[in-house]
Amino acid sequence: MTASAPGQPLALDPLRAGNFRFRRLGGKFLLTNDFGRYCLLAEADFRLFVEGKIDQASPLYGRLADDGFIRDRMDFDKLVGVWRSRNRFLWQGPSLHVVVVTLRCNHRCLYCQANSVPMKERGSDMSLETAEKTVDRIFESPSPALTIEFQGGEPLANWPAVKFIVAYARKKNLEAKKGLCLNLVTNLSLLDKEKLDFLLAHGVNFCTSLDGPADLHDANRLFVGGSSHARVLRWHAEISRRTRGKMFRIDALLTVTKFSLGRARDIVDQYLKIGSKGIFLRPLSAFGMARRTWDRIGYSAEEFLAFYREALDAILAANRGKRVLFEQTAKLFLAKILTDSDPNFLDLRSPCGAGVGQIAYNFDGGVYTCDEGRMLSRMGDESFRIGGVAEGSYRETVSHPVVRTVATASCLDNQPDCSRCAYKPYCGVCPIQCYAEQGDVFGRMPTNTRCRIHKGILDALFERIEDKKNLRIFRTWLKAREPGVLYQRQ
């Protein structure tokens, strides 16, 4: 077997080199393996490693041996323990339960994935009877930790259902004794003191959208009631004040549109201004309204990555100036790169979370593999519906043929390009995104937008990780208090 590299072909010594994948980054080679370990090698050292000629007395040989790259020096007990720790989620069952209590919303965001409906259309509100059955079904999950995440539409437009589910879930958990997180994804515009007092009394986390300065935010998130940006800042400050030092809090994220390009520093400055500890630079997804407005707000993967790199450098510069601000996608990847613990972010695991890590419950009681599957139903495609809270059993839902298909399609060993990729230990695929973009749950990764973005982000991190100052900052991010949930969308 030979490995390609600039210059002459390399003759692999299979008796010395253990299983590895590699990727050329600038003038170096990145090695990774299934245990999540990595090493950046100069070309000369890479050749010596592949050909089994590294001096066994050298520190490099010792490091490669400790990390499972040297075949005849592998400590299998240690490495199997590392693999099990990194994949512990495989034995847990669905932990994230997305509950869509209404499709109504008072915003008309240009990138809305949910295909929300106007506030006057009350036929899309979840009834209290369905809400009760939904919570009962959620607590059938064997997972020791449950996260109930309210989505919409704007969840606060159906306050009775939100209030009921929060109280009922807390009551059920007195007996179940699971780790229970409650998370509200909201635009904050319908919040008032009474609602806030109730939500804080029950330990509910908040997530909202903040797309940057007022002109950018309000251009993306159309709101007939005035400035959406002003209301977000008002309530963000109030909730931050009242949750200081508590285990629940408010987080913000942005969805990058064409209008965001060239505004990376303005956006980072806005997050610094409100005292946020984190920022989530989320690319567009072609669901719902975003698909119809793509010509107006869309961009290529390369354009997003240019924005991301500029924003990441601005964030690192702020950290060098003694400000604490992390980028959430980077933090998720870095946890996998620099530790033996996987944060179990459902969009970045293999198999993916759809049906086995998360379940989505529609306002009418329909159950879907994930929120993306539920979004496709709003576009007239019910391919990812796996049951209902008033039909069948929990076991029938999670063992549905669609769940099995999605799990198979998201196992990276089944993806030809992913199985050979150096970033396999850190990445994951979303079959529903592949289906929406390419018409097949088995995505074609070389042309897949999400794949290209993930590779570009990981390239950016490994390019910066060799700088010791950056590495210290990255490790600081990983020491920060973890939130109860890692939000994926708004």
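With positions in the sequence shown counted from 1, the corresponding number in the numbering used here is that position plus 231.
Built from N, CA and C at the ideal position, the CB exists for glycine as well.
- DSSP assignment within the region 669-716 yields the following whole alpha helix (DSSP H) runs of 4 residues or more, N-terminal first: 680-696, 699-710.
- Put simply, the backbone Cα of P245 is about 46 Å away from that of G410.
- In the DSSP assignment, C649 falls within the unbroken alpha helix (DSSP H) covering 647-651.
- Counting of Cβ neighbours within 10 angstroms places L405 among the exposed residues, the total staying below 16.
- The alpha-carbon separation between S614 and F253 amounts to approximately 36 Å.
- D356 is a Cβ neighbour of A392, given a cutoff of 8 Å.
- Counted as a single uninterrupted DSSP element, the stretch harbouring N264 is not any alpha helix (DSSP H), since DSSP gives it neither H nor E.
- In this structure, DSSP gives I617 an extended state, which the three-state scheme calls strand.
- By the Cβ test, the region 248-265 is in contact with the region 295-302, since at least three Cβ pairs between them sit closer than 8 Å.
- Around the Cβ of Q287, a 10 Å sphere holds fewer than 16 other Cβ atoms; the residue is exposed.
- In this structure F479 is not in contact with N451, their Cβ atoms being roughly 27 Å apart against a cut-off of 8 Å.
- Per DSSP, reduced to three states, the secondary structure at R278 is helical.
- By DSSP's assignment, Q664 forms no beta bridge with any residue.
- For the pair H448 and A532, the Cα-to-Cα distance works out to about 22 Å.
- In its chain, beyond the 5 residues on either side, G596 have a beta carbon closer than 6 Å to the beta carbon of T361.
- Taking the Cα positions, Y269 is about 9 Å away from A653.
- By alpha-carbon distance to D690, the top candidate from I568, I505, K508, F673 is I568.
- For M606, same chain residues with a beta-carbon under 8 Å away, outside a window of 5 residues either side, are Q344, A345, N346, F518, G519 in chain order.
- Going by beta carbons, Q646 and V660 fall inside the 8 Å limit.
- R401 carries a helical assignment under DSSP once its states are collapsed to helix, strand and coil.
- Non-local beta-carbon contacts of T488 in its own chain, meaning distances under 7 Å to residues more than five positions away in sequence, involve L341, Y342, N451, L515, I528 in chain order.
- Less than 8 Å separates the beta-carbon of V329 from that of Y592.
- Of the candidates R496, A495, I546, I546 places its Cα closest to the Cα of G509.
- About 4 Å separates the beta carbons of A638 and P582, which is inside the 8 Å limit, making them a contact pair.
- Within a 10 Å sphere around the beta-carbon of A585 sit 16 or more other beta-carbons, which makes this residue buried.
- L413 is the residue among L413, T636, L387 whose C-alpha sits nearest the C-alpha of I379.
- In this chain, the beta strand (DSSP E) harbouring T378 covers 376-382.
- The Cβ atoms of F511 and L484 sit closer than 8 Å to each other.
- The residues D276, I285, in chain order, have a CB closer than 7 Å to that of L291 in the same chain once the five nearest residues on each side in sequence are set aside.
- Boundaries of the beta strand (DSSP E) harbouring S440: 435-440, taken from the DSSP string.
- Counting only the Cα atoms, P632 lies some 14 Å from G604.
- Between F381 and L415 a beta carbon distance of about 5 Å is seen, short of the 8 Å cut, so the two are scored as contacting.
- For A398, same chain residues with a beta-carbon under 8 Å away, outside a window of 5 residues either side, are H433 in chain order.
- Around the C-beta of A566, 16 or more other C-beta atoms lie within 10 Å, and the residue is accordingly described as buried.
- In this structure K402 is exposed. Its beta-carbon is surrounded by fewer than 16 other beta-carbon atoms within 10 angstroms.
- A Cβ-Cβ separation of about 6 Å places R616 in contact with S608 under the 8 Å criterion.
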